[in-house]
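J.: In our numbering, the protein residues as written are 853 to 1040. No residue lacks a Cβ here, since even glycine has one placed at the ideal position from N, Cα and C. Only a predicted model underlies this, so the values are computations on that prediction, with no experimental measurement involved.
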Amino acid sequence: MIHRDQEYKNETDLQIEPIYNTEYKIVKLDDAKLEAWAKSLPKQGEALGHPPPNTFVPKEKPQSSKVENDGEPAKPTKIQGDKPGESVVWFKQDDTFDHPYVWSKVELFCSDLSFPMNVEVKALMALWSQLLAEDIRELNYNAELAGLEFSTTWNDENLTFHVYSYDDGYVEFYSEVFKRLQSFEPIE
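(1) Over the uninterrupted beta strand (DSSP E) stretch that includes Phe1013, give me the two end residues.
(2) Tell me the start and end of each unbroken beta strand (DSSP E) in the stretch 872 to 944 that is at least 3 residues and wholly inside, in chain order.
(3) Does the Cβ of Asn906 have 16 or more other Cβ atoms within 10 Å, making it buried, or fewer, making it exposed?
(4) Does Phe961 come out as helix, strand or coil in the three-state DSSP assignment?
(5) Quick check: the Cα distance between Ala926 and Phe943, rounded to an integer number of angstroms?
(6) I'd like the span of the alpha helix (DSSP H) that includes Glu990, first residue to last.
(7) Of all the options Phe1002, Trp889, Glu898, which has the alpha carbon lying nearest to the alpha carbon of Glu1024?
(8) Grab me the residues of Gly933's own chain with a C-beta within less than 7 Å of its C-beta, minus the 5 sequence neighbours each way, in chain order.
(9) Give me the residue from Leu1033, Glu859, Ala899, Gly897 with the minimum Cα distance to Trp980.
(10) Since Lys877 and Glu863 should fall inside the 8 Å C-beta cutoff, what is the C-beta to C-beta distance between them, to a whole number of angstroms?
(11) What are the boundary residues of the beta strand (DSSP E) that Phe1025 is part of?
(12) If you follow the beta strand (DSSP E) that Thr1005 is part of, which residue opens it and which one closes it?
(13) Is the Cβ-Cβ distance between Glu875 and Leu866 less than 9 Å?
(14) From Ala984 to Asn992, what does the alpha carbon distance come to, in whole angstroms?
(15) What number of angstroms, rounded off, separates the C-alpha of Ser1035 from the C-alpha of Ile871?
(16) Skipping 5 residues on each side, what residues in its chain have a beta carbon closer than 6 Å to that of Leu1011?
(17) Can you give the beta carbon distance from Gly1021 to Pro910, rounded, assuming they're within the 8 Å contact cut?
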């Protein structure tokens, strides 16, 4: 086992690792630590288990979406959002890469508590955003393992969720984020 520690940096009897020229020292582990590790090993017949399945991993291989367009790049077209109160949805055919790609942005507008005019409320919003990020940290970790990128930002008008993905996992991810958001209580 390798353990680097600053307490050894001033010692003169350090050895040098030949490939990376890293200084190191061989020390004996104390018996109490070895005994504690031995007690933490699984008992006879006890399995370590596996992590839960990552539901954001693509279910199927992405279809090729490359379309020849006579050398002209496709232009985005609005497919929803002409009616008042309706979400605005744009579509742009990927004619550059050979993989489907989703860039999603959901904006939540709020004027509660005089947001964004009150400085105290702005400070609370910054704190709330950080607590939300902490609350969905494990969810975000699984999303990153599956190739999704997620971030939250806020400005003077809204709170924005951004998701970037090459597969269909973003639908499940958004669903889980909004479930958590509905029950989110920043108490810690």
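T.: In terms of the structure at hand:
(1) Where Phe1013 is concerned, the enclosing beta strand (DSSP E) starts and stops at 1010 to 1017.
(2) The stretch 872 to 944 contains these whole beta strand (DSSP E) runs: 929 to 932, 941 to 943.
(3) Exposed, by the Cβ-count rule.
(4) Phe961: strand per DSSP, three-state reduction.
(5) Using only the alpha carbons, I get a separation of about 10 Å.
(6) 989 to 997 is the extent of the alpha helix (DSSP H) around Glu990.
(7) Put simply, of Phe1002, Trp889, Glu898 the residue whose alpha carbon is nearest the alpha carbon of Glu1024 is Phe1002.
(8) The residues Ser939, Val940, Val941, in chain order, have a CB closer than 7 Å to that of Gly933 in the same chain once the five nearest residues on each side in sequence are set aside.
(9) Ranking Leu1033, Glu859, Ala899, Gly897 by Cα distance to Trp980 puts Leu1033 first.
(10) The C-beta distance from Lys877 to Glu863 rounds to 7 Å, short enough to fall under 8 Å.
(11) Per DSSP, Phe1025 belongs to no beta strand (DSSP E); it is in the alpha helix (DSSP H), 1021 to 1035.
(12) It spans 1001 to 1006 - the beta strand (DSSP E) in which Thr1005 sits, taken as one unbroken run.
(13) Yes; because the gap between Cβ atoms is below 9 Å, this pair is in contact.
(14) Strictly speaking, residue 984 in this sequence is Leu, with Ala absent from that position. One C-alpha to the other measures close to 11 Å.
(15) Taking the straight line joining both Cα atoms gives about 52 Å.
(16) Same-chain partners within the cutoff: Leu960.
(17) Under the criterion of beta carbons closer than 8 Å, Gly1021 and Pro910 qualify as touching, at roughly 6 Å.
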